[in-house]
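Visitor: In the working numbering, each residue carries its 1-based index in the sequence shown increased by 66.
One structure is given below, represented as structure tokens, and several questions about it will come after.
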Amino acid sequence: MSNEKKIIKEMVQGNLKVHRKRNLLLVLAITLTTILFTSVLEIGFGGMQSIQETQLRLSGLKADAELRYLNKEQFQKVQDADLFESVGGRIPIAFLEGETKRPIEIDYLDKTGMEAYYLSLEEGKMPEDEKEVLLSEQALEELGIEKEIGSHVPVSFTLRNQKYKFDMRLAGWYTGNSKVDFLIVSEAFLEHNPEVTENTYDDDKEVSGTYYASVCMKNTKDIEQNLKAYVKSLGGQTEDSNGREYIHIAVNYVLYSEDGNTGTILSLFFFAALFVLCGYLLIYNIFDIGVMQDIQQFGIMKTIGMTGKQIKQLMRRQMFLLSLIGIPVGLLLGYGLGVLLLPVILKNWEYSEEEITIVQSVHPAIFILTIIFVLITVFLSMRRPSKKAAKYSAIETAKYTEIKKKTAEKDIRSIKNIAKSNLQRNKKRTILVFTSLILSIIFVNSLWIISNSFDEEKYINAQMRRDYLIASKDTLNPSVGYVRSSAALNEEAIEQVEKNSIVRNATRLYKNTVDNSDISFEWGSEGVEIKEYMPNVEVDGVITNEAITNYGQVTLSKDEKALCNVCGVSENFVDKMEILDGEKNIVTIKEKLKSGDYILVAVFKTTKGTYSSDNLENSPDIGETVTIYKNGKPLKKVEVISQILVIDSEQISGSSVTGDDTILGPWLYLGEGLFKELYGKGNLVNYSFDADEKDAPAVRRMLNQISQEFADVGFETTEQRHSEIENYKTLIRILCVLIGGILGVIGIVNLVNIIFTNLIVRNRELATFRSIGATKKQLRELIIRESVGYVFYAAIGGFILATLIGMTAVMGICSSIWLFTFQFTLLPAAIVIVLYLIIAVIASEAGIYFWEKGSITERLRNL
């Protein structure tokens with residue numbers, strides 16, 4: 067080690083020992099800055115991973131993509147390809163026959179395939195014998211099969227118009243996929259029953275016997291284009307679904323959607339810039355005051371031969387050593403804080419506590435980015451003070467004082483004027499303190515405005531027309547939904563509800579499902595013409611045939627006409643119905659719907675109050691005749707009388723829309739009588755009603771009693787919607803407390819630091835002030851006026867900027883989001899300012915108390 071480096075090292079160690087209190091403040095500042103970065107990055111990374119994992123689990127597939135309708139040779143090539151990290155295999159066979167709430171698909175899956183579909187073996191083993199099968203716990207319960215290894219499992223299905231029956235035994239059961247249940251057979255079963263897995267896809271588009279490859283890519287850039295090129299190398303094609311050698315590429319867009327990337331990147335840069343500024347304000351002030359305190363010491367260093375470059379090197383080394391202490395502590399505390407806050411924040415997100423999957427991220431980027439940003443902040447903060455320390459000569463440092471001539475010559479006949487002059491001594495430092503105080507005022511006020519601007523009425527009215535909604539638990543469950551008729555509401559429960567006199571304006575909503583494919587519809591002069599046939603499309607766990615037609619993409623019925631989304635409504639539905647065009651007289655609409663010769667055409671109303679004009683154009687027009695078919699034969703002709711706008715609860719239910727995309731095509735609303743004539747009993751989606759506010763407790767008791775008596779019945783209320791909006795408010799207020807609180811702490815630390823440092827640095831000045839006759843009371847008034855002066859100017863700037871930002875940026879945010887109605891307030895800003903004032907006075911009193919402990923003579927002699 068060179069002599070110069072050795073001396074600098076010893077001087078650094080000496081400085082660290084001499085200025086322990088100041089160094090402790092610097093370590094705390096660095097630690098606080100590190101905590102800021104680490105906690106927010108952990109919440110950001112963990113939040114994104116948690117939401118993505120939750121979406122993947124709800125979607126039922128975690129692979130990068132799936133290649134469908136492969137033959138055996140193509141699948142083997144995929145397994146051996148260098149393009150993929152892993153490949154899971156699945157061979158669909160058929161659907162298990164029998165009434166179940168969710169479809170049970172008979173498939174062969176290998177271990178990697180099970181992992182790709184989030185299937186985890188709970189008990190037993192993978193099927194090996196031709197008679198062994200694996201089922202989910204839920205499927206076992208629905209089928210009434212005892213949960214015991216070796217239990218008898220009857221299996222029956224129809225394939226290519228031929229019925230099959232097998233007596234199987236249970237090899238084990240699994241947990242996992244919320245979308246569909248699999249009955250998993252063994253490879254031996256495929257070998258002993260080759261007719262079941264014969265691949266005839268090119269001839270009849272039957273998926274049984276084809277291979278589905280769930281692939282994880284080694285390189286996920288341009289994934290779709292790379293897979294298209296790879297499919298061509300297999301001898302397949304991806305353009306013509308009706309052609310031969312067609313292979314479908316299903317990219318997992320939960321993993322590779324770019325919708326939120328821009329917002330995430332901008333948020334990351336915003337918080338990074340904000341926290342760099344926060345850390346800068348804190349560390350710079352402490353360091354700058356320290357340099358001012360030691361300015362004579364730096365002059366002595368210059369006298370003994372140190373250069374400005376060496377002084378800078380000494381200070382950089384000192385800050386680096388302090389960073390080595392503060393950063394690791396901050397990383398640990400910040401990560402712990404992020405881990406604690408992540409579940410709190412996510413539980414107030416759009417997913418329920420049962421659905422959300424918390425992923426505590428330990429991504430290296432969290433720690434690497436934190437260290438980089440903190441070091442940048444530290445060295446930016448010390449840049450100007452170190453330049454100041456290096457530029458002064460020994461003579462200049464001996465004469466150095468922050469009191470400039472103009473300031474000294476100002477009127478000092480009153481304590482008020484002296485305090486005002488003292489605030490102007492170092493304008494840069496004063497501005498930095500103002501800035502750190504103002505930032506928290508602005509952020510707290512802005513975030514509080516946003517939280518108060520949540521409009522509960524808008525939120526509720528976008529989902530429910532009435533106070534209470536009853537539906538089956540499957541319908542209300544987003545992972546199941548109203549997909550099949552077995553999810554219909556138990557009408558016995560509704561009969562009990564209707565006996566209560568507190569129920570008002572009760573409405574029944576019925577809807578068809580894919581199980582009702584014997585009923586179809588046709589309209590227009592040319593009818594519904596199929597332009598492109600799309601067989602075996604899987605949506606929400608069911609397989610349907612779709613087609614692109616002259617009226618857009620529709621789901622086909624058995625007779626290959628439009629299946630349509632058909633709803634039946636009771637008379638009270640019309641009372642709160644939102645009419646877009648056509649007949650608008652409520653009485654007339656009720657009479658015509660009751661006759662069974664007229665229908666309504668509906669289009670979904672978005673949360674912004676708009677609707678898709680394309681959906682309306684692809685539906686029958688007002689006055690147009692619609693022909694209803696049953697089993698391919700014309701049954702009845704009806705006329706469209708009005709077009710209406712519908713919300714969530716008028717399609718499926720208030721919060722769950724799983725099932726509303728199972729059938730593509732127009733939404734047709736029929737009178738209750740006509741719907742029952744076409745579809746028979748059942749298919750009741752939900753039952754909604756109003757009640758007087760005074761009857762709310764009685765209604766809750768009734769609903770709880772109904773749900774206990776009928777295990778498959780659930781309910782939603784406007785009270786629950788109020789609770790959801792409160793969760794959103796809580797989320798914003800957590801951010802308000804987190805960001806505003808941290809900024810506030812930085813502002814307070816800067817304020818307290820400058821109050822105490824002023825007392826230390828101005829030791830001789832204040833002693834002189836007392837020695838010429840100033841009383842303790844006058845000194846106290848001076849220091850308090852100075853401290854309150856910082857807060858006073860911060861209050862003026864804070865109120866002005868909080869108003870300006872509130873009426874521009876925050877108002878713009880609230881105007882752009884349908885859920886908000888802008889509510890301006892300055893109350894949070896006022897509360898923060900009052901807290902600052904209290905802390906300023908307390909810190910001043912504490913500082914004066916400690917300063918007064920020494921004698922005036924002693925202070926004058928020492929300095």
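Yeah, the Cβ is synthetic: ideal placement off N, Cα and C, and Gly gets one too.
All values reported here derive from a predicted model rather than from experimental measurement.
Measuring only the C-alpha atoms, how far is M953 from I710?
Guide: For the chain, the structure presents residues 67 to 929; residue 953 sits outside this window and is missing.
Visitor: Can you tell me which of the three DSSP states W884 falls into?
Guide: In the sequence shown, the residue the question calls residue 884 occupies position 818. Here W884 sits in coil by DSSP.
Visitor: Out of curiosity, what's the CA-to-CA distance linking K795 and S517?
Guide: Along the sequence shown, one-based indexing puts residue 795 at 729. Along the sequence shown, one-based indexing puts residue 517 at 451. When rounded, the distance between both Cα atoms is 5 Å.
Visitor: Taking DSSP as the reference, what is the three-state secondary structure of Y401?
Guide: Counted from its first residue, the sequence shown places residue 401 at position 335. In this structure, Y401 counts as helix in the three-state DSSP scheme.
Visitor: The alpha helix (DSSP H) spanning K143 covers which residue range?
Guide: The residue you call residue 143 lines up with position 77 of the sequence shown. Counting along the chain, the alpha helix (DSSP H) containing K143 begins and ends at 138-146.
Visitor: Name the two residues that bound the continuous beta strand (DSSP E) containing N571.
Guide: Within the sequence shown, numbered from 1, the residue matching residue 571 stands at position 505. Element bounds for N571: 570-577.
Visitor: With the cut-off set at 8 Å, would you say A129 and V281 are in Cβ contact?
Guide: Position 63 of the sequence shown, counting from 1, holds the residue named residue 129. Position 215 of the sequence shown, counting from 1, holds the residue named residue 281. Yes, the Cβ-Cβ distance between A129 and V281 is below 8 Å.
Visitor: Under the assumption that L348 contacts N816 (Cβ atoms under 8 Å), give the Cβ distance between them as a whole number of angstroms.
Guide: Numbered from its first residue, the sequence shown carries residue 348 at position 282. Numbered from its first residue, the sequence shown carries residue 816 at position 750. Sure, about 6 Å apart at Cβ, within 8 Å.
Visitor: Compute the Euclidean distance between the alpha carbons of I352 and Y859, then round it to the nearest angstrom.
Guide: Stepping through the sequence shown from its first residue, residue 352 is reached at position 286. Stepping through the sequence shown from its first residue, residue 859 is reached at position 793. Distance between the alpha carbons of I352 and Y859 is about 21 Å.
Visitor: Per DSSP, what are the beta-bridge partners of L300 in this structure?
Guide: Mapped onto the sequence shown, residue 300 falls at position 234. None; L300 has no bridge partner.
Visitor: Going by beta-carbon coordinates alone, are W13 and G179 separated by less than 8 Å?
Guide: Shown here, the chain extends from 67 to 929; a query on residue 13 therefore has no answer.
Visitor: Rounded to whole angstroms, what is the Cα-Cα separation between E214 and G242?
Guide: By 1-based counting over the sequence shown, the position of residue 214 is 148. By 1-based counting over the sequence shown, the position of residue 242 is 176. Looking at the two C-alpha atoms, the distance is approximately 19 Å.
Visitor: Please report the straight-line C-alpha distance between R531 and L750, rounded to a whole angstrom.
Guide: To locate residue 531, count along the sequence shown from 1; it is residue 465. To locate residue 750, count along the sequence shown from 1; it is residue 684. Each residue's alpha carbon lies about 17 Å from the other.
Visitor: Please work out which residues of its chain come closer than 6 Å, Cβ to Cβ, to K703, disregarding the five sequence neighbours upstream and downstream, and give them in chain order.
Guide: As a position in the sequence shown, residue 703 is number 637, starting the count at 1. Excluding sequence neighbours, K703 sits near T691, T693.
Visitor: Can you tell which of A537, I170, C802 has the C-alpha that lies nearest to the C-alpha of F755?
Guide: Here residue 755 corresponds to residue number 689 of the sequence shown, with the count starting at 1. Ranking the options by Cα distance to F755, first place goes to A537.
Visitor: How would you call R570, buried or exposed, if buried means at least 16 neighbouring beta carbons within 10 angstroms?
Guide: Position 504 of the sequence shown, counted from the start, is the residue given in the question as residue 570. Result: exposed.
Visitor: To the nearest angstrom, report how far apart D268 and T541 are at their CA atoms.
Guide: By one-based count along the sequence shown, residue 268 stands at place 202. By one-based count along the sequence shown, residue 541 stands at place 475. One C-alpha to the other measures close to 36 Å.
Visitor: Once DSSP output is grouped into helix, strand and coil, what is the label at H788?
Guide: To locate residue 788, count along the sequence shown from 1; it is residue 722. Helix.
Visitor: Quick one: complete beta strand (DSSP E) runs, 3+ long, within the stretch 223-284?
Guide: As far as the stretch 223-284 is concerned, its whole beta strand (DSSP E) runs of at least 3 residues are 228-241, 247-251, 277-283.
Visitor: To test your reading of the DSSP string, which unbroken alpha helix (DSSP H) runs of 4 or more residues are found completely within the stretch 746-780?
Guide: Correct list: 762-775.
Visitor: Take Q889 and list the residues in its own chain whose beta-carbon comes closer than 7 Å to its own, dropping the five residues that flank it on each side.
Guide: For this step, residue 889 is matched to residue 823 along the sequence shown. Taken in chain order, the residues that qualify are I515, N518, S519.
Visitor: What do you reckon, are the CB atoms on I117 and Y525 nearer than 8 Å?
Guide: Locating residue 117 in the sequence shown gives position 51, counting from the first residue. Locating residue 525 in the sequence shown gives position 459, counting from the first residue. Cβ atoms of I117 and Y525: not closer than 8 Å.
Visitor: Determine the extent of the alpha helix (DSSP H) in which F670 is found, giving its start and end residues.
Guide: The count along the sequence shown starts at 1 and reaches residue 670 at position 604. No alpha helix (DSSP H) holds F670; the beta strand (DSSP E) holding it covers 664-670.
Visitor: Go ahead and pull the three-state DSSP assignment for S623.
Guide: Taking the first residue of the sequence shown as position 1, residue 623 is located at position 557. Residue state, collapsed to three classes: coil.
Visitor: Give a yes or no on contact between the stretch 730-745 and the stretch 613-626, applying the rule of three or more CB pairs nearer than 8 Å.
Guide: Judged by Cβ distances under 8 Å, the stretch 730-745 makes contact with the stretch 613-626, as three or more pairs qualify.
Visitor: Looking only at its own chain, which residues have a Cβ that is under 7 Å from the Cβ of S773, when we skip the five neighbours before and after it?
Guide: For this step, residue 773 is matched to residue 707 along the sequence shown. Around S773: V779, G780, F781.
Visitor: Going by CA-CA distance only, name the one from I289, Q376, Y183, V199 that's closest to K72.
Guide: Here residue 72 is taken as the residue at index 6 of the sequence shown, counted from 1. Ranking the options by Cα distance to K72, first place goes to Q376.
Visitor: For L659, which of helix, strand or coil comes out of DSSP?
Guide: Counting from one through the sequence shown, the residue named residue 659 turns up at place 593. If DSSP states are grouped into helix, strand and coil, L659 belongs with the helices.
Visitor: Can you tell me which of the three DSSP states V854 falls into?
Guide: By one-based count along the sequence shown, residue 854 stands at place 788. Reduced to three states, the DSSP call for V854 is helix.
Visitor: Compare the C-alpha of G913 against each of T874, I849, I904, W884 and name the closest.
Guide: Position 847 of the sequence shown, counting from 1, holds the residue named residue 913. It is I849.
Visitor: Anyone know if the C-beta pair for R235 and E212 falls short of 8 Å?
Guide: Residue numbering aside, residue 235 sits at position 169 when the sequence shown is read from its first letter. Residue numbering aside, residue 212 sits at position 146 when the sequence shown is read from its first letter. Their beta carbons are not under 8 Å apart, which means R235 does not touch E212 by this criterion.
Visitor: Exposed or buried, what is N285 when buried is set at 16 or more other beta-carbons lying within 10 Å of its beta-carbon?
Guide: Numbered from 1 along the sequence shown, position 219 holds the residue referred to as residue 285. Exposed, by the Cβ-count rule.
Visitor: If we call anything under 8 Å between Cβ atoms a contact, is G396 one with T672?
Guide: The residue labelled residue 396 in the question sits at position 330 within the sequence shown. The residue labelled residue 672 in the question sits at position 606 within the sequence shown. Contact flag unset, no.
Visitor: Counting beta carbon pairs with one atom in the stretch 180-189 and one in the stretch 221-230, are three or more of them shorter than 8 Å?
Guide: As far as the Cβ criterion goes, the stretch 221-230 does not touch the stretch 180-189, which means the pair count is below three.
Visitor: Would E290 and G275 be called neighbours here (beta carbons separated by less than 8 Å)?
Guide: To locate residue 290, count along the sequence shown from 1; it is residue 224. To locate residue 275, count along the sequence shown from 1; it is residue 209. Contact: no.
Visitor: Counting beta carbon pairs with one atom in the stretch 592-603 and one in the stretch 301-321, are three or more of them shorter than 8 Å?
Guide: Yes: the two stretches touch, three or more of their Cβ pairs being nearer than 8 Å.
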